[in-house]
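2 is the number that the working numbering gives to position 2 of the sequence shown; each next residue is one higher, with no gaps. For every residue, glycine included, the Cβ atom is placed at its ideal position computed from N, Cα and C.
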Amino acid sequence: IAAPVDADGSFNMDSFKAHITPRTKIISIPHVSNVLGTVFPIAEIAALAHENGAICVVDGCQGVTHLPVDVAELGCDFYVFSAHKLYGPSGIGVCWGRAEIWADLPPFLGGGDMIDDVETDRSTYADPPLRFEAGTPPIAECIGLGAAVDFVDQIGMANLRDHEMDMLRYGHQRLAAVKGLNFIGTAAGKSGVISFTLDSAHPHDISTLIDQDGIAIRAGHHCAQPLMKFYGLTSTARASVGVYTQTSDFDALAEALEKVNRIFS
C-alpha cells in the first residue's frame with residue numbers, strides 16, 4: 001500500500017493503521033518525504049509493525065541530513081541512507097540493521113572477506129557485517145563519508161536543524177508572494193524541501209529558465225509518481241535547503257520565478 005497523506009501532505013496514521021494486519025511482512029517508509037518534507041512518525045510506525053509481526057525498514061536519505069537520528073529511539077529494524085545526501089560522495093551509503101536480523105540473512109554477493117570457510121561442495125560465511133561486504137570496498141568513498149559525518153558533527157545537528165527551519169520559514173514567506181505559485185506539502189513540522197508549481201509554466205520549463213540565472217532546483221516526479229497522481233500533477237519544482245542556504249538564495253529564486261511569469265504571461 002502507499003502511505004496515505006492528507007491534502008497538506010500530513011501523514012494519516014489512522015488510515016495507515018487500517019491497512020496493516022498480521023499478514024503484513026514489511027513496512028518500508030521514508031523518514032522524511034523527499035517531495036513534501038513531511039516527517040513520518042517512525043517510532044509509532046515501527047511499533048505498529050512489530051505488533052503485527054512485521055519488520056520496519058526506513059529510508060533515511062532525507063532524515064539523516066535534516067534531523068537528529070537515534071535508531072534505538074526510532075525502534076526500526078533497518079535504517080538506510082546515501083552519503084551524497086549528507087554532503088558526502090556518491091556511490092556509497094549506510095545500511096544499519098538489528099544484529100539478530102542480519103544474523104538470519106544469507107549473503108547476496110560473493111567475494112573476498114565475506115567467507116568463513118570454503119570447500120568444493122559447501123561454504124560457510126563470515127559474521128555480519130562482513131558477510132554482506134564482499135570484495136574491495138570503495139576506499140575513497142568510505143573516507144569521504146567519514147569526513148562528511150565529521151563535518152556535520154562539527155556544525156552540530158541541532159544547529160543545522162535550527163538554520164534549516166529558519167530558511168524554510170523564510171522561503172515559504174518569500175515564495176508566497178510570487179504570483180501563481182502553489183505550495184505542494186505544507187504539513188506542520190516539515191523538513192528540508194519546498195515543492196511548488198507555477199500556474200504560468202511547467203516545472204521543467206521553470207528549472208531550465210532559472211538555471212540560466214545560476215539557480216539549481218529539481219523538477220520532475222521525484223521518483224514519486226503515485227504521490228504526483230494524488231495531487232493531480234505530473235511533476236513539481238523543488239527547492240531544497242541545507243547548511244549553505246541563505247535568505248539571499250530565496251530572494252534570487254523568487255525574482256527568477258517572477259521572471260518566468262513574465263516570459264510565459
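Should the region 24-38 be regarded as contacting the region 202-215, the criterion being three or more beta carbon pairs within less than 8 Å?
-> With a cut-off of 8 Å, the region 202-215 and the region 24-38 do not count as touching, because too few Cβ pairs lie within range.
Check whether the Cβ atoms of T197 and T236 lie closer than 8 Å to each other.
-> yes
Local conformation of L181 per DSSP, three classes | strand
With a threshold of 16 other CB atoms inside 10 Å of the CB of F108, please say whether the residue is buried or exposed.
-> exposed
Expressed to the nearest angstrom, what Euclidean distance is found between the alpha-carbon atoms of Y289 and M114?
-> An answer regarding residue 289 cannot be provided, because it is not within the stretch 1 to 265 covered by the chain.
So, using beta-carbon positions, are G192 and V241 closer together than 8 Å?
-> yes
Between D211 and R98, what straight-line distance do the alpha-carbon atoms span, to the nearest angstrom?
-> 43 Å
Tell me, which residues are paired with C56 by DSSP?
-> I27
Would you mind sorting K179 into buried or exposed? The rule is 16 or more other CB atoms within 10 Å of its CB.
-> exposed
Give the single residue among G60, H66, L175, G75 whose Cα lies nearest to the Cα of E314.
-> Since the displayed the chain opens at 1 and closes at 265, residue 314 lies outside it and no answer follows.
Output yes if chain C places a C-beta closer than 8 Å to the C-beta of E73; else output no.
-> This model lacks chain C altogether, as it is built from one protein chain only.
DSSP state of D199, grouped into three classes?
-> Three-state DSSP puts D199 in coil, outside helix and strand.
Roughly how many angstroms lie between the CA atoms of S90 and D6, to the nearest whole one?
-> 33 Å
Please confirm whether L160 and I92 have their CB atoms less than 8 Å apart.
-> no
Whole-angstrom distance between I217 and V39, CA atom to CA atom | 21 Å
Using DSSP bridges, identify the partner residues of T186.
-> Answer is none; T186 lacks a bridge partner.
Beta-carbon separation (whole angstroms), V57 vs F78, contact threshold 8 Å | 4 Å
Reduced DSSP secondary structure (H/G/I, E/B, other) of D116 | strand
Which listed residue (T24, R238, V71) has its alpha carbon closest to that of A43 = If we check each option's Cα against that of A43, V71 comes out closest.
Limits of the beta strand (DSSP E) - the one that F230 falls within = Premise fails: F230 lies in the alpha helix (DSSP H), 225-230, not in any beta strand (DSSP E).
In angstroms, rounded to a whole number, what distance separates the CA positions of E73 and V149?
-> 20 Å
Go to F81, then tell me how far its beta strand (DSSP E) extends in each direction, as first and last residue.
-> 78-82
Residue range of the beta strand (DSSP E) that includes A239 = 236-240
Supposed contact pair I55 and I26 - C-beta distance, whole angstroms, cut 8 Å = 6 Å
Bridge partners of I194, per DSSP?
-> A239
Extent of the continuous beta strand (DSSP E) to which R266 belongs | Only positions 1 to 265 of the chain appear in the structure, and residue 266 is not among them; the question remains open.
Would you identify the three-state DSSP class for T208, choosing helix, strand or coil?
-> helix
Does the distance from the C-beta atom of L277 to that of I184 stay below 8 Å?
-> Residue coverage of the chain in this structure runs from 1 to 265, which leaves residue 277 outside it and unanswerable.
For A134 versus G171, is the C-beta distance shorter than 8 Å?
-> no
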